[in-house]
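Everything below concerns the one structure shown next.
In my numbering, the protein residues as written are 1302 to 1602.
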């Protein structure tokens, strides 16, 4: 009964929701949620790490009357396929985003992206500047310069050896099981203190699969807990940022762990970007300050 109540309370979007569709990228079957409105200006929503497309439902509902809203599930996330080797690179995710836009034939597009998805969207916009008309990246620049400096103070051979050890452990680990949706919901609240109960329930219900034994596990691949030792060089990432030509908003939560690029100097690598900081918001500012977030999007678009 309690689980049924949880599911019922999570379905606050009781009117017509999205349809789940698939596309193929590098032999993977990837999922996206289509909110309808083909013919309207296309808007692509790109979620962050260990998240899923349905985390954008509130944003999609707010904007669907004016835009053809599409929210993708990254490889290894949501209802998309996991990669066979458990290695997830930013370049492959940029390819997936490029394939989605290409196969839908909807470009150029507006984009809103969060965290890891923001990293991917910024690189896509730099590689294909004519395909993005406006871009909003929520804490999407990745680790701060200070963090990167500390990381690189450890010799590369040591970091590579540590990565191999972590990957070996990940290979032998099965997805964590929860006895009930209530237990998974409790974990969601624990990890995201800024979320309301309604938000956490919706994210939980849409973020788990039920196992054969009746337990529940998060949909994302456990290998996503172990990232590659090194990404591409800083100069290449900065070159991609500098190649972006569309108006760009970089949004940051004042209470987040993420480093604000207006304060750490990274904004200098952009030609058309503006930074906006949200008070009383953490890393998930689009949930923490939803009304202001939507107002910011509407004004920007």
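All C-beta atoms in this analysis are idealised placements derived from N, C-alpha and C, irrespective of residue type, glycine included.
Nothing here was measured: the structure is a model prediction, and the numbers come from that model.
DSSP three-state assignment for residue i, whether helix, strand or coil
i	result
residue 1590	coil
residue 1435	strand
residue 1425	helix
residue 1555	coil
residue 1597	helix
residue 1517	strand
residue 1401	helix
residue 1356	helix
residue 1321	strand
residue 1376	coil
residue 1532	coil
residue 1331	strand
residue 1457	helix
residue 1469	helix
residue 1351	coil
Cutoff 8 Å; reference residue i; Cβ partners in own chain excluding five residues on either side
i	result
residue 1457	1530, 1531
residue 1311	Residue confidence for residue 1311 is low, a pLDDT of 46 falling below 50, so the modelled location carries little weight; the figure read from the coordinates is stated next. Excluding residues within five positions, the ones whose Cβ falls inside 8 Å are 1499, 1502, 1503, 1505, 1506, 1507.
residue 1557	1440, 1582, 1583, 1584, 1586
residue 1594	1360, 1552, 1579, 1586, 1587
residue 1568	1551, 1562, 1574, 1576
residue 1448	1560
residue 1486	1307, 1501, 1502, 1505
residue 1461	1530
Cross-strand partners of residue i (DSSP beta bridge)
i	result
residue 1417	In the DSSP output, where bridge partners are listed per residue, residue 1417 has none listed.
residue 1501	DSSP output for residue 1501 lists no bridge partner at all.
residue 1411	1344, 1435
residue 1578	1553
residue 1370	1344
residue 1389	Note: residue 1389 sits in no beta bridge, so no partner.
residue 1510	1518
residue 1396	Answer is none; residue 1396 lacks a bridge partner.
residue 1474	None, per the DSSP bridge assignment.
Identity of the residue in the options nearest residue i by Cα
i	options	result
residue 1408	1365, 1362, 1341	1341
residue 1580	1554, 1600, 1571	1554
residue 1551	1525, 1601, 1536, 1591	1601
residue 1348	1338, 1333, 1489, 1369	1333
residue 1374	1415, 1388, 1588	1415
residue 1404	1592, 1330, 1590	1330
residue 1377	1486, 1364, 1537, 1525	1525
residue 1319	1565, 1542, 1372	1372
residue 1565	1394, 1542, 1343, 1446	1446
residue 1391	1534, 1544, 1591	1534
residue 1286	1339, 1394, 1353	This structure cannot settle anything about residue 1286, because the visible part of the chain is limited to 1302 through 1602.
Beta-carbon separation (whole angstroms), residue i vs residue j, contact threshold 8 Å
i	j	result
residue 1432	residue 1410	7 Å
residue 1441	residue 1422	7 Å
residue 1571	residue 1549	6 Å
residue 1582	residue 1589	4 Å
residue 1324	residue 1400	6 Å
residue 1509	residue 1482	7 Å
residue 1336	residue 1365	5 Å
residue 1321	residue 1358	About 13 Å separates the two Cβ atoms, so there is no contact after all.
Other residues of its chain near residue i: CB distance less than 6 Å, five sequence neighbours each side excluded
i	result
residue 1527	1467, 1468, 1471
residue 1419	1438, 1439, 1441
residue 1355	1507
residue 1398	1421, 1425
residue 1242	No answer is possible for residue 1242: the residues shown for the chain start at 1302 and end at 1602.
residue 1680	This structure leaves residue 1680 out entirely; the chain is present only between 1302 and 1602.
Close beta carbons around residue i, own chain, < 7 Å, minus the five adjacent residues each side
i	result
residue 1523	1471, 1474, 1476
residue 1396	1326, 1327
residue 1516	1478, 1479, 1480
residue 1435	1411, 1547, 1548, 1601, 1602
residue 1539	1570
residue 1353	1374, 1378, 1379, 1507, 1508, 1520
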